[in-house]
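Engineer: With my numbering applied, the sequence shown has no gaps in its numbers, which climb one by one up to 229 at the end.
Dropping the structure in here first, questions after.
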Amino acid sequence: MYTEPTFAERLRRCPAAARPFHELVGAAGRAAGGPHRDHLDRIARALAQAPELWRPIARHDPVARWYAHLLHTDALEVWLIGWEIGQDIQLHDHGRSSGAVAVCDGVLDEQHTRLDRTGPLRARRHDRTTTFSFGPSYVHDLGNTGPAPATSVHVYAPPLTHMNFYEHTGAGVRPIRSVPVTGPDPGVPRRVTGDLVAP
């Protein structure tokens, strides 16, 4: 019987590719005051630049965004998201978490602002060379307008507890709902130890 590879299996099977990821996650976990945005940015970039770790796991669902919770520690968490053309997440924040996103494949379009900013949303396009980070006041919508499916790595610290969704009023953003983020699911690695990821 075939089963899809897990992230822990990929880390074990590809130790050379996994080493930078392990080192960066370990350093972020030891950072005074918790991981900084530059830690998150480096982790996202290291994973995006190691396709042997994420490509066997990545999927693209034509109905809804596909995602996998790759790692969840006390300090941070890592997600892999697959985007078909036309999929987006809507305008949202990440609760009290900071984050970083690295585009692994394809292109993602972003509309963004901050909770304290007025005026129009700002737009930018991220291709597979792009990594960006943000703080808790950052509000954005990511989406794939084509021309092909996209895959991205998302790193959050502390781990997400909820996401608030917004509508843009022209004068700023107005909250419309809050969604709790539960997890991790059983089997999601909880810590990185040496060259192994442990549940």
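Beta carbons are placed, not taken as given, at the ideal position from N, Cα and C, and that holds for glycine.
What you are looking at is a predicted structure, and each value in this text was computed from that prediction instead of being measured.
From this set, Arg49, Val137, Pro150 and Ser208, which residue's C-alpha is nearest Pro179's C-alpha?
Structural biologist: Val137
Engineer: Leaving out five residues on either side along the sequence, give the residues of the same chain with a beta carbon under 6 Å from the beta carbon of Arg75.
Structural biologist: Ala132 and Thr161
Engineer: Considering Ala62, what are the terminal residues of the alpha helix (DSSP H) in which it resides?
Structural biologist: Element bounds for Ala62: n/a, residue is neither H nor E.
Engineer: How is Pro45 classed by DSSP in three states: helix, strand or coil?
Structural biologist: Note: Pro45 maps to helix in three-state DSSP.
Engineer: Using a Cβ-Cβ cut-off of 8 Å, state whether Pro150 counts as contacting chain C.
Structural biologist: The question asks about chain C, but that chain is absent: this structure has only one protein chain.
Engineer: For Ser163, which residues from the same chain have a beta carbon less than 6 Å from its beta carbon, with the 5 sequence-adjacent residues on both sides left out?
Structural biologist: Apart from sequence neighbours up to five positions away, the residues of its chain that approach Ser163 with a beta-carbon distance below 6 Å are Arg67, Leu70, Asp71 and Ala130, ordered along the chain.
Engineer: Taking all protein chains shown into account, do 16 or more other C-beta atoms lie within 10 angstroms of the C-beta of Thr212, making it buried, or fewer, making it exposed?
Structural biologist: exposed
Engineer: For Ala62, does the count of other Cβ atoms within 10 angstroms reach 16, so buried, or fall short, so exposed?
Structural biologist: exposed
Engineer: Taking three-plus beta-carbon pairs below 8 Å as touching, is the segment 186-201 in contact with the segment 98-107?
Structural biologist: yes
Engineer: Is it buried or exposed, Thr33, if we count other Cβ atoms within 10 angstroms and call 16 or more buried?
Structural biologist: Residue confidence is low: Thr33 scores 45 on pLDDT, short of 50, so the model does not pin down where it sits. Its coordinate-derived value is still stated next. Exposed, since its Cβ has fewer than 16 Cβ neighbours within 10 Å.
Engineer: Between His170 and the rest of its own chain, which residues show a CB-CB distance below 6 Å, the 5 nearest in sequence each way excluded?
Structural biologist: Glu140 and His142
Engineer: Under DSSP, the alpha helix (DSSP H) around Asp71 begins and ends at which residues?
Structural biologist: Here the alpha helix (DSSP H) through Asp71 covers Arg67 to Ala78.
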